[in-house]
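> Have a look at the structure that comes next, please.
Number of protein chains: 2
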Amino acid sequence: MLSLTCKTAIKAVIYLASKFESGEKSGIKEIAEFIDASEHTVGKMLQTLVKAEVINSAKGPTGGFFITGKQKNQAIIKIIDAVDGKNVFEECGLGLSKCSATHQCPIHNDYKVVRDKFKTLCQQKKVSDLCDTVNDGLAYLVG
Amino acid sequence: MLSLTCKTAIKAVIYLASKFESGEKSGIKEIAEFIDASEHTVGKMLQTLVKAEVINSAKGPTGGFFITGKQKNQAIIKIIDAVDGKNVFEECGLGLSKCSATHQCPIHNDYKVVRDKFKTLCQQKKVSDLCDTVNDGLAYLVG
DNA sequence: ATAATAAAAGCATTTAAATACTTTTATTAT
DNA sequence: ATAATAAAAGTATTTAAATGCTTTTATTAT
Numbered sequence: 068m069l070s071l072t073c074k075t076a077i078k079a080v081i082y083l084a085s086k087f088e089s090g091e092k093s094g095i096k097e098i099a100e101f102i103d104a105s106e107h108t109v110g111k112m113l114q115t116l117v118k119a120e121v122i123n124s125a126k127g128p129t130g131g132f133f134i135t136g137k138q139k140n141q142a143i144i145k146i147i148d149a150v151d152g153k154n155v156f157e158e159c160g161l162g163l164s165k166c167s168a169t170h171q172c173p174i175h176n177d178y179k180v181v182r183d184k185f186k187t188l189c190q191q192k193k194v195s196d197l198c199d200t201v202n203d204g205l206a207y208l209v210g
Numbered sequence: 068m069l070s071l072t073c074k075t076a077i078k079a080v081i082y083l084a085s086k087f088e089s090g091e092k093s094g095i096k097e098i099a100e101f102i103d104a105s106e107h108t109v110g111k112m113l114q115t116l117v118k119a120e121v122i123n124s125a126k127g128p129t130g131g132f133f134i135t136g137k138q139k140n141q142a143i144i145k146i147i148d149a150v151d152g153k154n155v156f157e158e159c160g161l162g163l164s165k166c167s168a169t170h171q172c173p174i175h176n177d178y179k180v181v182r183d184k185f186k187t188l189c190q191q192k193k194v195s196d197l198c199d200t201v202n203d204g205l206a207y208l209v210g
């Protein structure tokens with residue numbers, strides 16, 4: 068459903084959220100190492116997130132990437148929209164270019180239920196929620 | 068969730084199912100044209116389906132691909148298992164290589180619900196069910 | 001002002017999926 | 001038996017995503 072880069076993006080933002088309390092900024096290398104992803108992929112993707120105002124950045128010494136309290140309270144769908152685009156949640160289950168109630172593929176109705184359920188999940192889960200599970204040792208970003 | 072080839076496979080099998088009554092066999096070109104897919108991709112993929120006994124084939128003149136009554140009554144998960152492999156329904160929502168109840172990613176529980184719902188859909192929908200919706204003009208294989 | 005630091009940006013390479021091409025094998029009708 | 005047909009199989013190319021590398025720009029501390 069989501070691209071590898073998008074999954075990496077969600078993990079990176081969760082990591083930044085975990086640094087919110089301390090106010091620390093994080094560099095590309097540090098983030099990539101922690102979430103076990105390619106440094107270059109992470110760099111490109113973080114730029115995308117900055118442009119979409121999902122996270123922030125500062126250049127120069129003491130610079131790095133960081134997140135605000137407001138951004139921490141955003142749902143993860145914001146990350147998905149920024150990285151994979153808005154029509155992730157509109158795609159046909161059988162790959163038809165135009166699949167809707169009026170011209171549908173054979174699994175349209177059932178697939179829509181699943182897809183919508185995933186969308187709701189992405190709309191409801193906040194970055195802070197996911198960050199909490201990691202902080203509490205209930206979930207992990209690698210493995 | 069599913070590869071393009073797998074989506075193509077489901078459409079191809081539905082097409083073959085629609086030819087079951089008449090007993091006609093269908094060639095690669097005919098199938099590819101009807102479902103609007105690459106002839107070469109369809110050829111390779113049909114071989115995979117034959118090996119997995121999801122469909123049948125016959126070489127030579129009057130040969131082609133066809134489906135039996137028993138095969139028509141199979142669930143579409145058989146097609147998915149054959150083309151994309153069995154662990155489509157085990158994959159982690161955030162791309163962790165090992166994500167389970169004991170070592171989970173931050174969205175594991177919610178994602179599992181969605182994934183399992185999709186799996187159930189694929190286990191319940193028979194080729195014949197999908198074929199019927201197309202025959203009845205309620206659904207399409209192209210567009 | 002200068003040097004150091006770190007993100008931003010542009011371009012190149014790699015990888016895997018999809019698509020394309022060619023040859024081989026089996027089968028059927030003549 | 002032979003020729004025609006169509007799947008099977010093997011190899012090659014293309015495409016898009018991911019990854020890698022290099023240069024540029026902005027910022028901060030000295």
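As given, the protein sequences belong to chains P and D, one line each in that order. Numbers 68 to 210, taken from the numbering used here, label the letters of the first sequence in order. Numbers 68 to 210, taken from the numbering used here, label the letters of the second sequence in order. Note that CB positions come from ideal geometry on N, CA and C, so glycine has one too.
Can you grab the Cα-Cα spacing for the pair CYS198 (chain D) / LYS78 (chain D), in whole Å?
On the second sequence, residue 198 (chain D) is found 131 positions in, with the first residue counted as 1. On the second sequence, residue 78 (chain D) is found 11 positions in, with the first residue counted as 1. Rounded to the nearest angstrom, the two C-alpha atoms are 9 Å apart.
> Just to confirm before moving on: does the CB-CB distance between VAL58 (chain P) and ILE134 (chain P) stay below 8 Å?
Any question about residue 58 (chain P) goes unanswered here, given that chain P covers just 68 to 210.
> What does SER195 (chain D) reach in chain P if we use C-beta pairs closer than 8 Å?
Numbered from its first residue, the second sequence carries residue 195 (chain D) at position 128. Here the premise fails: no neighbours, minimum Cβ distance about 11 Å.
> Does DSSP classify SER70 (chain D) as helix, strand or coil?
Position 3 of the second sequence, counting from 1, holds the residue named residue 70 (chain D). Coil, per DSSP.
> Could you name the residues of the segment 171–192 of chain D whose beta carbon sits closer than 8 Å to any beta carbon of chain P, in the order they occur along the chain?
If the cut-off is 8 Å between Cβ atoms, the segment 171–192 of chain D has GLN171, CYS172, PRO173, ILE174, HIS175, ASP177, TYR178, VAL180, VAL181, LYS184, PHE185, LEU188, LYS192 near chain P.
> Verify whether the separation of the beta carbon atoms of VAL155 (chain P) and MET68 (chain P) is less than 8 Å.
The residue labelled residue 155 (chain P) in the question sits at position 88 within the first sequence. The residue labelled residue 68 (chain P) in the question sits at position 1 within the first sequence. Yes.
> So which of P:PHE87, P:THR72, P:LYS145 has the shortest CA-CA distance to LYS111 (chain P)?
In the first sequence, the residue the question calls residue 111 (chain P) occupies position 44. That would be P:THR72, whose Cα lies nearest to the Cα of LYS111 (chain P).
> With C-beta atoms as the reference, is ILE146 (chain D) less than 8 Å away from LEU116 (chain D)?
Against the second sequence, residue 146 (chain D) aligns to sequence position 79. Against the second sequence, residue 116 (chain D) aligns to sequence position 49. In contact: ILE146 (chain D) and LEU116 (chain D) (Cβ atoms closer than 8 Å).
> Determine the closest residue to GLY162 (chain D) out of D:THR169, D:GLY152, D:HIS175, with distance taken between C-alpha atoms.
What you label residue 162 (chain D) is simply residue 95 of the second sequence in a count that begins at 1. Of D:THR169, D:GLY152, D:HIS175, the residue nearest in Cα terms is D:HIS175.
> Hey, SER195 (chain P) and LYS139 (chain P): beta-carbon distance below 8 Å or not?
As a position in the first sequence, residue 195 (chain P) is number 128, starting the count at 1. As a position in the first sequence, residue 139 (chain P) is number 72, starting the count at 1. In this structure, LYS139 (chain P) lies closer than 8 Å to SER195 (chain P) by Cβ.
> Would you report the Cα separation of ALA142 (chain D) and ALA206 (chain P), rounded to the nearest angstrom?
Translated into the one-based positions of the second sequence, residue 142 (chain D) becomes position 75. Translated into the one-based positions of the first sequence, residue 206 (chain P) becomes position 139. Cα-Cα distance, rounded: 34 Å.
> Please determine, among P:GLY160, P:GLY210, P:ASN123, P:GLU158, the residue with the shortest C-alpha to C-alpha distance to LYS137 (chain P).
The residue you call residue 137 (chain P) lines up with position 70 of the first sequence. That would be P:ASN123, whose Cα lies nearest to the Cα of LYS137 (chain P).
> Under a CB-based cut-off of 8 Å, is GLY90 (chain D) close to chain P?
In the second sequence, counting from the first residue as 1, residue 90 (chain D) sits at position 23. No, no contact with chain P.
> Please report the distance separating the alpha-carbon of ASN189 (chain P) from that of GLY94 (chain D).
The count along the first sequence starts at 1 and reaches residue 189 (chain P) at position 122. The count along the second sequence starts at 1 and reaches residue 94 (chain D) at position 27. Sequence check: residue 189 (chain P) is Cys here, not Asn. Spanning the two alpha carbons is a distance of roughly 43 Å.
> Work out the CA separation of THR75 (chain P) and GLY131 (chain P) for me, nearest whole Å.
Numbered from 1 along the first sequence, position 64 holds the residue referred to as residue 131 (chain P). Numbered from 1 along the first sequence, position 8 holds the residue referred to as residue 75 (chain P). Distance between the alpha carbons of GLY131 (chain P) and THR75 (chain P): 18 Å.
> Please name the residue, chosen from P:THR169, P:PHE87, P:LYS86, P:GLU91, that lies closest to GLY210 (chain D) on a Cα-to-Cα basis.
In the second sequence, the residue the question calls residue 210 (chain D) occupies position 143. Of the listed residues, the one whose Cα sits closest to GLY210 (chain D) is P:THR169.
> Under 7 Å between beta-carbons, which chain P residues line up against MET68 (chain D)? List them in chain order, please.
Walking along the second sequence from the start, residue 68 (chain D) turns up at place 1. By Cβ distance, chain P contributes MET68.
> Under the DSSP definition of a beta bridge, which residues are partnered with HIS175 (chain P)?
Stepping through the first sequence from its first residue, residue 175 (chain P) is reached at position 108. For HIS175 (chain P), which the question treats as bridged, DSSP gives no partner whatsoever.
> Go ahead and pull the three-state DSSP assignment for GLY131 (chain P).
Locating residue 131 (chain P) in the first sequence gives position 64, counting from the first residue. Here GLY131 (chain P) sits in strand by DSSP.
> Does the beta carbon of TYR82 (chain D) sit closer than 8 Å to a beta carbon anywhere in chain P?
Indexing the second sequence from 1 puts residue 82 (chain D) at position 15. TYR82 (chain D) does not count as touching chain P.
> Would ALA149 (chain P) and ALA125 (chain P) be called neighbours here (beta carbons separated by less than 8 Å)?
Here residue 149 (chain P) refers to the residue found at position 82 of the first sequence. Here residue 125 (chain P) refers to the residue found at position 58 of the first sequence. Taking 8 Å as the Cβ cut-off, ALA149 (chain P) and ALA125 (chain P) do not qualify as a contacting pair.
> Once the 5 residues before and after ALA104 (chain P) are set aside, which same chain residues still bring their CB inside 7 Å of it?
What you label residue 104 (chain P) is simply residue 37 of the first sequence in a count that begins at 1. Excluding residues within five positions, the ones whose Cβ falls inside 7 Å are THR75.
> Could you give the residue range of the beta strand (DSSP E) that holds ASN202 (chain P)?
Stepping through the first sequence from its first residue, residue 202 (chain P) is reached at position 135. No beta strand (DSSP E) contains ASN202 (chain P), which is instead part of the alpha helix (DSSP H) from 194–202.
> Do you know offhand how far TYR220 (chain P)'s Cα is from PHE185 (chain P)'s?
This structure gives no information on residue 220 (chain P), because the portion of chain P shown stretches from 68 to 210.
> Assign LYS215 (chain D) to one of two classes, buried (16 or more other C-beta atoms within 10 Å of its C-beta) or exposed (fewer than that).
Outside the modelled stretch of chain D, which goes from 68 to 210, sits residue 215 (chain D), for which no answer is possible.
> Compare the C-alpha of GLN171 (chain P) against each of D:LEU208, D:LYS192, D:VAL121 and name the closest.
In the first sequence, the residue the question calls residue 171 (chain P) occupies position 104. Minimum Cα distance to GLN171 (chain P) is reached at D:LEU208.
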